[in-house]
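Each residue of the sequence shown is one higher than the one before, starting from 25 at the first, in our numbering.
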Amino acid sequence: MPQPTVVASFNSGTFTSRTVSTGTIPSWTPQVGDVVVILIQLPQSGTVTFTLPAGWLNPLGGATVATSPAGANMVAVYHVVTAAEATAVTTAWTLTNLLDVSKQGSRVAFVVRGADPNAPIDVSAVASGNSASLGIPGVTPTKSDSLVVGGGGGNSFSTSETVTAPTAPWSTTVGTLSGTNIRFVVQCSTPTVAGSPFAGVALTISRTDDWTAVTIAFAAAGGSGFFNLF
């Protein structure tokens with residue numbers, strides 16, 4: 025089956041609120057089954073809890089977030105575009121009171137097309153650390169032809185730093201890799217093979233910092249699973 029692809033993205037900027045929005049995602053005509061994803065980086069935020077609005081889910085599962093040693097957090101949410109939203113050409117969503125307490129943070133949004141609309145997430149993983157190397161974690165997919173996407177973020181509102189962009193087969197999708205409020209999305213062009221470990225990628229940071237990272241594998245529509253191989 026064809027590997028899913030990222031068809032649109034938006035570096036949605038910073039906020040201080042319980043409410044998080046995608047902003048208007050540019051250069052995109054939504055289709056039924058498109059998967060809208062928001063990665064929310066919350067530096068120096070301590071414990072983070074959230075309440076998902078109707079129609080939104082956590083690709084990391086349950087209440088899982090990526091949490092660094094010093095309390096930076098990355099929250100991930102996703103939504104599958106409905107027929108009504110595609111007809112209305114909806115390109116922006118507001119998640120009112122997503123966070124249970126007002127936080128300062130930043131976010132990026134991206135759209136995946138060609139994922140299984142009924143079960144778009146194959147597997148996911150989280151990682152964090154305090155170092156000069158940010159590690160997008162590896163996963164072991166259960167399905168072939170999935171698209172592997174990683175997200176990362178730093179822990180500073182005011183101190184500039186730079187994260188080195190990945191090299192092929194990884195590429196930068198969207199985000200801020202230099203300055204303050206670091207948050208970004210990367211993707212790998214190599215499709216998954218069911219049951220075979222899929223390596224992550226390490227990205228150099230210009231200074232030692234707390235960081236968070238997530239990896240999400242988006243299952244291809246009609247993709248084969250591990251048990252289908254036997």
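Glycine included, each C-beta is placed from N, C-alpha and C at the ideal position.
Q: Use the C-beta contact count for VAL113: other C-beta atoms within 10 angstroms, 16 or more gives buried, fewer gives exposed.
A: exposed
Q: Determine the direct distance from the alpha carbon of PHE242 to that of SER276, and round the result to whole angstroms.
A: Look at the range of the chain in this structure, 25 to 254, and you will see that residue 276 is not part of it.
Q) Residues bridged to ASN154 by DSSP? A) ASP234
Q) The alpha helix (DSSP H) with ALA245 in it runs from where to where? A) Taken as a continuous stretch (DSSP letters only), ALA245 belongs to no alpha helix (DSSP H), as it is neither H nor E.
(Q) For MET98 and LEU63, which I take to be in contact (beta-carbon distance under 8 angstroms), what is that distance rounded to the nearest angstrom? (A) 6 angstroms
**Q.** beta strand (DSSP E) segments (min. 3 residues) lying fully within the segment 49 to 125
**A.** 59 to 66 and 97 to 104
Q) Beta carbon of GLN68, beta carbon of ASN205: below 8 angstroms? A) no
(Q) In whole angstroms, give me the CA-to-CA distance for ALA245 and THR166. (A) C-alpha of ALA245 to C-alpha of THR166: approximately 14 angstroms in a straight line.
Q. Taking the continuous beta strand (DSSP E) assigned at THR216, which residues delimit it?
A. First-last for THR216: undefined, no H or E at that position.
Q. Does the separation of the CB atoms of TRP235 and CYS212 fall below 8 angstroms?
A. no
**Q.** PRO28 to VAL150 span [Cα, whole Å]
**A.** 21 angstroms
Q) What three-state label does DSSP hand THR186 in the structure shown? A) strand
Q. For LEU171, which residues does DSSP report across the bridge?
A. PHE242
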